[in-house]
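Structure first, then comments.
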Amino acid sequence: MKLASSNKVGLDAWVVGLILLGALLAVGVLDVYQLKLLGKVLIFWLIALGLQLLVAQAGVISLGHAAFMATGAYIAGLFSLQGQHDLILMLACVAVACAAFGSLMGALILRTQGLYQLMATLAIAQMAYYGFQSLRSLGGDDGFAVSNRPSVLGLITLNTDVKLLLAIIVILVLGLYVAHRIRRSEMGALMLAVRDDGRRVASLGISPYGVKVWAFLISAVFTGIGGALFAQLTRFTSPQLGSWYMSGELIILVLLGGGKTRSGLFLAAVAVVGIQEGVARYTDHWPLVLGALVLARVLWPENLGALKKAATPGEQGKAS
Amino acid sequence: MSLALLLEQLLNGLQFGLMLFLLSVGVTLIFGVMNLVNISHGSLFMLAAFFTYSAGARWGYGLGLLIGLGGIIIVAILLEWLVIRRLYQKSHLDQVLGTFGLMLIFNELVRIIWGSEPIFALTPNWLSGSIQLSENLYYPTYRLAITVVAILAGLAIWLLLSRTRIGMLVRAGADKRETVEALGVNINFLFAVVFVIGAVLAGLAGIMMGPLITVESGIGDPLLILALVVIVVGGAGSLKGCLAASVLIGMIDTLSRALVTADFAGGAGRAISSMSVYLLMLVVLLLRPQGLFTR
Amino acid sequence: MTHTAALQLKGLDKRYGALHVTQNVSLEVRAGEIHALIGPNGAGKTTLMAQIAGQLKPDAGQVLIQGQDVTHWSAQRRARAGLARTFQTGSVFRSLTTHENVAIALNAKAGRASLWRPFRRPETLKQADETLQRFGLHEEQSAASLGYGTLRQLELAMGLATTPSILLLDEPLAGLSHTESAQAVYLLAGLRHSFPMLLIEHDMQAVFALADRISVLVGGKIIASGTPDEIRASHEVKQAYLGDA
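Have a look at this one:
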């Protein structure tokens, strides 16, 4: 991913703008069910932005990010149980919690490489899942309802789906901007460098380990916020949000979306949600379609670009 | 907890560990020889159980066993030929994602064919009942039987790998693909053989575990994760490490569930017992990443 | 004028089981000099380099940069203390452009790793441009598209951008054409007084042209150390090389 401005990046920005505009207009027109779909797509897009930073830019694969999604969802749930709560405060809490959890998890698993790193992410995610499952006061395995919608600074309560969708779009725009800044930042360049050659980065005086932990932390926050919004949208949270199936879906997002463009990620989000919901209308067996799609993408890759590079076996030997 | 109860749990732990071993051996062999991570290995466990017990319900246990083992061999051959073969050269991430997709497909296929309700897995009459092991301890005959079978299977694999020509080729193929090919051995055939062996072991475990668990879609997957944990803890490619780690993890998992009651540590007891295995894996990864049992 | 050597190795020792790969190696690189390390293949040059750079910990002995004991410091900490190096394989960041590569080195030196500040700042790029001018590489292009010779120049530029106290060069001429080699030698000679260098090389012509002093490593031991003339005349060195042929 070249940082230098190129036509492709410029075009992508336009497409993103169009998508956002389309989403805004759609909010006024869609029915309740379709609004929920749009909401899910936008939320997955937000999460994918953070994950792309981790996977495509820093070259770290995590099979455990659903843990952050569940963390965000449960925090949203806890706030909701208090009754009236503030959106900004709630999201700030989610961000802090996921930043802490994310840097801890990142610091641990980034001491390993390759396949063992994958296993470590899985292990932590499983532990988080069991942790949530054991919270019997919060519904245990069944989860609980997140019935109360937050208000924004006490002014507007997001009690209708339309209002929540608009809030999601605003948060998404902020997220796009933040991801954009980080990508083009000094740290963003370091992430690319670390993915290329961690040993070389160390020889210049910077710890590649530290850079990767930052990428992990940022992606954890994005995922957590996505999880919180998801819980508010669906008015529900459960440990399933933290299962490794969900982690797999999240990685599939980045896989399908490719490594370079943000609009690509949007399409991936549409695909994942689309398959879940769209196919689910006709048959219960939508995972079959998703599984087949993923397998097909892996067997016949067209444009995996940066993602493939991040995961080639050669990278596993390089110093972390 | 009485001594008899403790003994029973220890035996259960050993038995679970041995089942895990059967599953893990396949995964570690396939990883060691073909450098392939197969997330769908648990699906083979599941399919064998479904084949055996749905056929067994209709045509008796004996025929069910045959169909189970035969069926899994056919599935393994086809799977390796059509899909797995194309994944050998790909990155580990691609393999994980691709076989994750396979797992989703298999789980749904099972739901389509057999429905979402679990199927009933009968214990054959001649294996039901229990054997008296001591004054207070009666242990189910079935569990003893499968423990024995697992040990025998393990021995068979060990003999195969260390004493036969195929075994030598398997071990050689793990290190020097070109050398083996230069010897005139068809590497594709060798890989297929390894895959099928792994599949048969997984299938065997699935068939034997059937009556002890609920036979439904997705049962192999949590075990697959445990198998991966076994490989991390035991060291990839080490058969002895695999056995030791499997039994260790089987014991930890079974005993922690039995000994740590749900009320311990204010409801966190259940979580701790589920997490114990993963905590072990994390500790190993951080302190001794080459595995506990490797040199 | 300080007399502290830019780089000092004191009795470095390392074993791999029965293999004594580094045997009591002592060495000094003074300010303003190019010190070459030569020796037959398998002499242990790469292992020694790794111990100096911080990738490998010696069993005994010390590594000092400008009098500071860095023996137990990590590679990145030594880099921040002024150690720069190039790699045998010529490593640059292929996802970035030439100027971006140098910019990364500049940022690393200045401790700039902000999550917010844009990477491609005019000031940084201008500084990078100035460094690259020395190498005749003022046109910005993708690092992945560079020819091997140019790539090694970029690598050197990155190392210099950090204004190091000591520069480690691991076979900088390997894989270069005749012309490229000559260019590189010319360049390095010009840098002699700004940056003390420890140079590992096989190209004897270049070594004798560049080096102020030469140390010869055979079987993990320094068997001779002195001026090029002294080395040329040395009996032990001749034996080591002839005996190896």
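Respectively, the protein sequence lines represent chains A, B and C.
Following this note's numbering, the numbering of the first sequence begins with 1 at its first residue and continues without gaps.
Following this note's numbering, the numbering of the second sequence begins with 1001 at its first residue and continues without gaps.
Following this note's numbering, the numbering of the third sequence begins with 2001 at its first residue and continues without gaps.
Just so it is clear, CB atoms sit at the ideal spot from N, CA and C, and this is done for glycine as well.
Discussion item. Check whether chain A comes within 8 Å of G1036 of chain B, counting only Cβ atoms and requiring the distance to be less than that.
Written reply: One point to set straight first is that residue 1036 of chain B is Leu, not Gly, in the sequence displayed. Not one chain A Cβ lies under 8 Å of L1036 of chain B.
Practice prompt. Using a Cβ cut-off of 8 Å, pull out every chain A residue sitting near V960 of chain B, in sequence order please.
Written response: Lying before the first or after the last residue shown, residue 960 of chain B is absent from chain B, which here runs from 1001 to 1295.
Item to complete: Please compile the residues from chain C whose C-beta is within a distance smaller than 9 Å of the C-beta of R184 of chain A.
Response: P2118, F2119 and R2120
Discussion item. For A66 of chain A and L241 of chain A, which I take to be in contact (beta-carbon distance under 8 Å), what is that distance rounded to the nearest angstrom?
Written reply: 6 Å
Worksheet item: Where DSSP assigns a beta bridge to I2166 of chain C, which residues make up the other side?
Response: C:L2083
Worksheet item: If you run the structure through DSSP and keep just helix, strand and coil, what is G10 of chain A?
Response: helix
Practice prompt. Can you give me the start and stop residues for the beta strand (DSSP E) that T339 of chain A sits inside?
Written response: Coverage of chain A is limited to positions 1 through 320, which leaves residue 339 of chain A absent and any answer about it impossible.
Discussion item. Contact defined as beta carbons within less than 8 Å: I believe Q52 of chain A pairs with G188 of chain A. What is the distance between those atoms, to the nearest angstrom?
Written reply: 12 Å between Cβ atoms; not a contact.
Item to complete: Please go through the same chain and pick out, in chain order, the residues whose beta-carbon is closer than 8 Å to the beta-carbon of T1214 of chain B, but skip the five residues on each side of it.
Response: P1118
Worksheet item: Closer than 8 Å, CB to CB, is G1115 of chain B near chain A or not?
Response: no
Practice prompt. Quick one: residues in its chain with C-beta nearer than 6 Å to the C-beta of A220 of chain A, no 5 flanking neighbours on either side, listed in chain order?
Written response: F68, C98 and G102
Worksheet item: Looking at Y1142 of chain B and L1011 of chain B, is the spacing between their C-beta atoms short of 8 Å?
Response: no
Practice prompt. Name the two residues that bound the continuous beta strand (DSSP E) containing G2152 of chain C.
Written response: Note that residue 2152 of chain C is Arg in the sequence shown here, rather than Gly. Not the beta strand (DSSP E): R2152 of chain C falls in the alpha helix (DSSP H), residues Y2148 to A2161.
Worksheet item: Considering only the beta carbon of each residue, do S1217 of chain B and R1111 of chain B sit closer than 8 Å?
Response: yes
Discussion item. Do V1277 of chain B and I1249 of chain B count as a contact pair if the criterion is CB distance below 8 Å?
Written reply: yes
Worksheet item: Would L2156 of chain C count as contacting chain A if we go by Cβ distances under 8 Å?
Response: no
Discussion item. When you compare the CB positions of L38 of chain A and L87 of chain A, do they come within less than 8 Å of one another, or not?
Written reply: no
Practice prompt. Take V1193 of chain B as the anchor and find which of B:R1171, B:A1227, B:L1212 and B:I1219 has the nearest alpha-carbon.
Written response: B:R1171
Worksheet item: Secondary structure at P1140 of chain B, three-state DSSP: helix, strand or coil?
Response: strand
Discussion item. Check for me: the alpha helix (DSSP H) holding R2232 of chain C runs from which residue to which?
Written reply: P2228 to A2233
Worksheet item: With burial defined as no fewer than 16 other Cβ atoms inside 10 Å of the residue's Cβ, what is the status of K1240 of chain B: buried or exposed?
Response: exposed
Fill in: For L1286 of chain B and R1257 of chain B, the rounded distance between their alpha carbons
25 Å
Worksheet entry | Three-way DSSP call (helix, strand, coil) for F236 of chain A in this model | strand
Worksheet item: What residues from chain A crowd round N1107 of chain B, counting only those whose CB sits closer than 9 Å?
Response: P287, L288 and G291
Discussion item. Is there a C-beta anywhere in chain A that falls below 8 Å from the one on D1253 of chain B?
Written reply: no
Worksheet item: What number of angstroms, rounded off, separates the C-alpha of G2219 of chain C from the C-alpha of A2043 of chain C?
Response: 4 Å
Item to complete: Measure the CB-CB distance between G77 of chain A and F132 of chain A and report whether it falls below 8 Å.
Response: no
Discussion item. Threshold first: 4 residues or longer. Then list the alpha helix (DSSP H) segments lying entirely within the segment 2016-2056 of chain C, N to C.
Written reply: 2045-2053
Item to complete: Could you tell me which residues DSSP pairs with T2097 of chain C in its beta bridges?
Response: C:S2142
Worksheet item: Would you say V1283 of chain B reaches chain A, if we count a Cβ-Cβ gap shorter than 8 Å as a contact?
Response: no
Item to complete: Could you please give the first and the last residue of the uninterrupted alpha helix (DSSP H) stretch that includes I1039 of chain B?
Response: Run containing I1039 of chain B: none; DSSP gives neither H nor E here.
Worksheet item: List, in order along the chain, the chain B residues whose C-beta lies closer than 8 Å to that of L122 of chain A?
Response: I1225 and L1228
Worksheet entry | Where I1119 of chain B sits in the DSSP three-state scheme | strand
Worksheet item: Is it buried or exposed for T2227 of chain C, if we count other Cβ within 10 angstroms and need 16 for buried?
Response: exposed
Worksheet item: What is the DSSP secondary structure of R2213 of chain C, counted as helix, strand or coil?
Response: strand
Fill in: Buried/exposed call for G1060 of chain B, threshold 16 Cβ in 10 Å
exposed
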